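Residue 164 is where the sequence shown ends in our numbering, and the numbering goes up by one at each step. The block underneath contains the structure these notes are about, expressed in structure tokens.
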Amino acid sequence: MKIKAIDLGLMSEHLTVHKGVLKKIKLYQSLVKHEELKRLFQLQYEIMKSHVVVMLQLIDPHYTGEVMLPNIDSFRQSMAGWTNWELEPSIHDRDIATEMVNTTKNMANTNFMSALMMETKKVKQIHFEMALQQVEIEFMYKDIMEKMGWSFAPDASEKEQMKTLQYFKDLYHIKA
């Protein structure tokens, strides 16, 4: 596949960053005690390795196969047989999980913003998909954190929601 120079440059940058993030994931996986976090690190590691393979296929002008990003569910299924027991989390698990939420947000943002700048249709499409996979992983980290009581985001009150709704209905002259 022939790609645009901007796409090659952006993927070159991504591949360099992916190397560091993959090493960080393995390090964090070795440090955490919480089994669900360990599994999520492995899932994220496998997904990001697939991102590397896909980018290399996109860069290779002689690659003739179809370039497709594997579905995140295929990775989940391969990990379905893992044990379900949990060790007591270490005092660092919360901090590591919080940092990984930030990492996945950053990866999603980078993939999304890069996709907006990319010119080759297939390259652009795959990077949007990579961004969505990172967002899905972010939600998985947040689910663990919420379940463990490690995060808190206040809900808006019904009164504030109704006040906001009415403001914008009036602004747009919507009666319903």
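Don't be surprised by glycine CBs; every beta carbon is placed ideally from N, CA and C. Owing to the predicted nature of the structure, the values given are computational and were not obtained by experimental measurement.
Kindly indicate which residue of the options has the alpha-carbon position closest to the one of residue i.
| i | options | result |
| --- | --- | --- |
| Thr92 | Glu1, Met106, Glu24 and Leu10 | Leu10 |
| Arg64 | Gln17, Asp48, Gln154 and Glu24 | Glu24 |
| Met56 | Ile79, Pro49, Val111 and Glu134 | Val111 |
| Pro77 | Ala164, Asp(-5), Asp158 and Met136 | Met136 |
| Phe127 | Ser62, Thr86, Phe100 and Asp158 | Thr86 |
| Phe116 | His80, Asn90, Asn97 and Trp138 | Asn97 |
| Met133 | Ala(-7), His80 and Gln30 | His80 |
| Phe140 | Ala103, Leu153, Ile13 and Asp131 | Asp131 |
| Glu1 | Gln121, Glu124 and Ser102 | Ser102 |
How is the alpha helix (DSSP H) around residue i delimited, first residue to last?
| i | result |
| --- | --- |
| Ser38 | Glu23 to Ile47 |
| Met118 | Lys109 to Met136 |
| Leu159 | Glu146 to Leu159 |
| Val89 | Asp81 to Met105 |
Since residue i and residue j should fall inside the 8 Å C-beta cutoff, what is the C-beta to C-beta distance between them, to a whole number of angstroms?
| i | j | result |
| --- | --- | --- |
| Leu(-2) | Met106 | 6 Å |
| Met43 | Leu3 | 6 Å |
| Pro49 | Lys109 | About 16 Å separates the two Cβ atoms, so there is no contact after all. |
In three-state DSSP terms, what is residue i?
| i | result |
| --- | --- |
| Trp73 | Per-residue confidence for Trp73 stands at a pLDDT of 46, beneath the threshold of 50, marking its modelled position as unreliable; the derived number appears in the next sentence. In this structure, Trp73 counts as coil in the three-state DSSP scheme. |
| His6 | helix |
| Gly(-3) | helix |
| Glu54 | coil |
| Phe140 | coil |
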